[in-house]
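Counting from 1 along the sequence shown, just add 198 to a position and that's the residue number in our numbering. Note sheet for the following structure.
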Amino acid sequence: MSADVIIVGAGIIGAATAFQLSLAGAGEVLVLDRATAGSGMSCRSSALIRMHYTFAPEVELAVRSDAMFGAWPDLVGRPGCVRRTGFVRIVRPGEEAALRANVAMQRALGARAEVIDAAGVKEVAPGLWTDDIECAAWEPDGGYGDGAVVAGDLLAAARARGVRYRPNTPVRSLLTDGDRVIGVETGEHGAAPAGREYAGTVVLAAGVWSPPLLRTAGVTAPIETELHRVALLAHRAGEGAPVACIDSVTATYFRPEAGGAMTLVGSFAGPRGADPDTGVSATQEDLVPLVRAALSRIPSLADAGIVGGVTGVYDMTPDARPLLGRLPGLDGLIVAAGFSGMGFKIAPAVGESLAGLIAGPARDSVDVTAFRPGRFAEGKPIQAPNPYSDD
Ligand SMILES: Cc1cc2nc3c(=O)[nH]c(=O)nc-3n(C[C@H](O)[C@H](O)[C@H](O)COP(=O)(O)OP(=O)(O)OC[C@H]3O[C@@H](n4cnc5c(N)ncnc54)[C@H](O)[C@@H]3O)c2cc1C
C-alpha cells in the first residue's frame, strides 16, 4: 500500500483534509495534485467570509471555520489571513421575514449577526446607495481571505506533520476492485512515469475536475460547471466597496481589495457547461455589464477603472450544496466536491469533518450527513426552511 489515505487535489479542500488527517493521526497521507497547491479554483476565489446561509449545517460549517481562521497562527503557524471588513447581505424587497428567520437561526448557532434597515446600512457601509433597501443582515466579523494562501498554509502545516505531497502528478483514474476503490492511476508528467498508488481510502477533492475522475469508477456525479466573472477596479483609497457584500437587488457581490484602493465585483450567476481549463482572464467587454450593475449600489465606482478580471468555474450541484462523504455502493472513496461557489469559507471545518469520517469525529466537528452524496438518488435534496428567491 502506498498510503493509508490518498487525497486527489491540493486545493483548499484537499489541503484542509490533509491537515486535519495529520492532526487526527490517521496514518500515512499522500496528497497528489496535477499542478500545485491552490492552483485550481482556490486561487481564483473571491474568498468572501460570511455566516449568512439559509441551511443550518452550512452556518455551522462557516462558524466553525471562522473560529479556525481566527486562531490561524496557533492552528497552522502562519500569520492570519482574514480581513474583517464586515459583511452586509442585502435581500430583495419582500424577503424581510426570511432574512429575520435566517439571522435568528445563525445567531442561535453562534454567528454574530443582526438585522439592520437602510439607515443601518448607511452607517456600517458609508458610500452605498440605500434607497431601495428594506432590510439587510450585518455581520461585523465578515470579510474575506485568500484561497491560494489558505491552501498553501494548510498544506505546509500538513507536510510539517508528515503528510507527503506530490505536485505535478495528474491522476488519470480511480482504481477499483469490485465495489471498492483501492487507489489511483497517475499519468506521466515531465520526468515522472505513470504509475499506481494504493490506499485504504481515497479522498476525491479535485473540485470542478472531479466528475471525469468519478466516471472512471462508473459514477455519474450530479455536478455541472458554471462560469463566473470577477472584475477588479482601481480607485482612490476608500472610494470603493466599504465592506464585503452580497446584494440580491443588483445580483452582484463585492468587497474591498488592496487595502481599499481597489474593489472586486463578482457575478451571482453565469452560463452552464463551462470548460474549467479554458481562459483565466476576462475581457473588458465581459466585465462592463457586471460593473454597471454594481454601480447602482456603489455610485463612486463610476470614476473607477477596470484594471483586470478573472473567470472562474463553480462546480454546481442540483441543490447548490456540496457532496461530502461516501458514495452508496462504493467503498474506499470519500467525495468532497460540488461546492457550488461556497467552498472557501467552509473549507477548514469541511476538512475536519471529512477527516472525522476516516479517523473518527473530532470534538465539536460539524456533522455533514446532510451533505451525503446519495441524497439526490434518495430524492432528498437539501431544502432550506426560509430560502430566498435567488438561492
Ligand atoms: C470566481 C470564484 C469566486 C468564488 N468566490 C467564493 C467566495 O467568495 N466565498 C467562498 O466561500 N467560495 C467562493 N468560491 C468557491 C471556492 O473558491 C471553491 O469552492 C473552492 O476554492 C474549491 O476548492 P477545491 O479544493 O474544492 O477545488 P480547487 O481549488 O479547484 O482544487 C482542486 C485541485 O485538484 C487538482 N486536480 C484536478 N484534477 C486533478 C487530477 N486529475 N489529478 C490530480 N489533481 C487534480 C487541481 O490542480 C486543483 O489544485 C469561488 C469560486 C470561484 C471560481
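Cβ coordinates follow ideal geometry from the N, Cα and C atoms, glycine included. Note that the structure is a prediction, hence the values are computed from the model and not measured.
On a CA-only basis, which of the options is nearest residue i? Give me that one, please.
i, options, result
"Thr567", "Glu256, Val229 and Tyr451", "Glu256"
"Ala316", "Thr481, Arg495, Gly527 and Leu525", "Arg495"
"Val369", "Ile205, Ala335, Glu258 and Ala472", "Ile205"
"Gly345", "Ser498, Val401, Ser200 and Gly209", "Gly209"
"Val203", "Arg232, Ile532 and Asp565", "Ile532"
"Thr461", "Trp327, Ala480, Ala432 and Gly468", "Ala432"
"Gln482", "Leu493, Gly506 and Glu383", "Gly506"
"Asp475", "Phe466, Arg232 and Met199", "Arg232"
"Ala502", "Ala323, Val463 and Thr283", "Val463"
"Met514", "Ile504, Asp589, Gly554 and Gly278", "Asp589"
"Asp562", "Arg570, Ser551, Pro571 and Phe569", "Ser551"
How would you call residue i, buried or exposed, if buried means at least 16 neighbouring beta carbons within 10 angstroms?
i, result
"Gly223", "exposed"
"Asn300", "buried"
"Arg378", "exposed"
"Gln590", "With the chain covering 199 to 589 only, the question about residue 590 has no answer from this structure."
"Pro590", "With the chain covering 199 to 589 only, the question about residue 590 has no answer from this structure."
"Pro546", "buried"
"Val286", "buried"
"Ala295", "exposed"
"Pro591", "The shown model of the chain, from 199 to 589, leaves out residue 591, and the question about it has no answer."
Compare the C-beta of residue i against all C-beta atoms of chain B and say whether one is closer than 8 Å.
i, result
"Tyr512", "The chain inventory of the structure shown lacks chain B, comprising one protein chain alone."
In whole angstroms, give me the CA-to-CA distance for residue i and residue j.
i, j, result
"Phe267", "Tyr251", "18 Å"
"Ala407", "Gly343", "The question names Ala, but residue 407 in the sequence shown is Trp. The straight-line gap from Cα to Cα measures roughly 23 Å."
"Leu521", "Ala534", "6 Å"
"Arg310", "Ser587", "24 Å"
"Gly360", "Phe217", "10 Å"
"Leu221", "Val229", "15 Å"
"Ile288", "Ala335", "7 Å"
"Ala358", "Val348", "15 Å"
"Ile556", "Ala500", "52 Å"
"Thr374", "Arg364", "22 Å"
"Phe253", "Gly577", "18 Å"
"Gly536", "Val227", "23 Å"
"Glu383", "Ala323", "51 Å"
"Cys333", "Pro291", "8 Å"
"Gly558", "Val564", "12 Å"
With a Cβ-Cβ cutoff of 8 Å, do residue i and residue j count as a contact?
i, j, result
"Gly541", "Ile211", "yes"
"Ala214", "Gly549", "yes"
"Ala491", "Thr448", "yes"
"Gly341", "Ala442", "yes"
"Thr399", "Gly471", "no"
"Ser244", "Val486", "no"
"Ala147", "Leu425", "With the chain covering only 199 through 589, there is no way to say anything about residue 147."
"Ala459", "Ala435", "yes"
"Gly523", "Gly405", "no"
Please look up how many angstroms separate the CB atoms of residue i and residue j, rounded, as I've assumed it's under 8 Å.
i, j, result
"Arg298", "Gly510", "Contact flag wrong, Cβ pair sits at about 32 Å."
"Ile544", "Leu259", "4 Å"
"Leu352", "Val274", "6 Å"
"Glu321", "Gly284", "No, Glu321 and Gly284 are not in contact; Cβ-Cβ is about 11 Å, not under 8 Å."
Is residue i near ligand 2, with its Cβ less than 7 Å from a heavy atom?
i, result
"Asp501", "Ligands present in the displayed structure are limited to ligand 1, and ligand 2 is not among them."
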